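K.L.:
Per this note's numbering, the very first residue in the sequence shown carries number 1; after that it's consecutive.
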Amino acid sequence: MFPEYRALISRLKKDNTRFAALFHEHNILDAEIKNLSQKELSVNR
1 MFPEYRALIS
11 RLKKDNTRFA
21 ALFHEHNILD
31 AEIKNLSQKE
41 LSVNR
């Protein structure tokens, strides 16, 4: 995700605890969405 911002994201996660927490929450939600999408695809087959 956003490979052009990889260095900036790494720096922000290290230097900004609020950003790090939000980024972590984003990753959790993204994984949940992917799981739900996979389940939906399985049901519709």
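For glycine and all other residues, C-beta sits at the position ideal for the given N, C-alpha and C.
On a predicted model such as this, the values are computed, not experimentally measured, just so you know.
For Ala21 versus Lys13, is the C-beta spacing smaller than 7 Å?
P.N.:
Within the sequence shown, residue 21 is the residue found at index 21, counting from 1. Within the sequence shown, residue 13 is the residue found at index 13, counting from 1. Contact flag unset, no.
K.L.:
Verify the contact flag: Glu40, CB atom, against every heavy atom of the ligand SAH, threshold strictly below 6 Å.
P.N.:
The ligand SAH is absent from the structure shown, which contains no ligands of any kind.
K.L.:
Starting from Phe19, trace the alpha helix (DSSP H) both ways and give me its first and last residue.
P.N.:
If you number the sequence shown from 1, residue 19 lands on position 19. Here the alpha helix (DSSP H) through Phe19 covers 17-43.
K.L.:
Leaving out five residues before and five after Asn35 in sequence, what residues of the same chain have Cβ atoms less than 6 Å from its Cβ?
P.N.:
In the sequence shown, counting from the first residue as 1, residue 35 sits at position 35. Counting only Cβ-Cβ distances below 6 Å, and skipping sequence neighbours, we find nothing.
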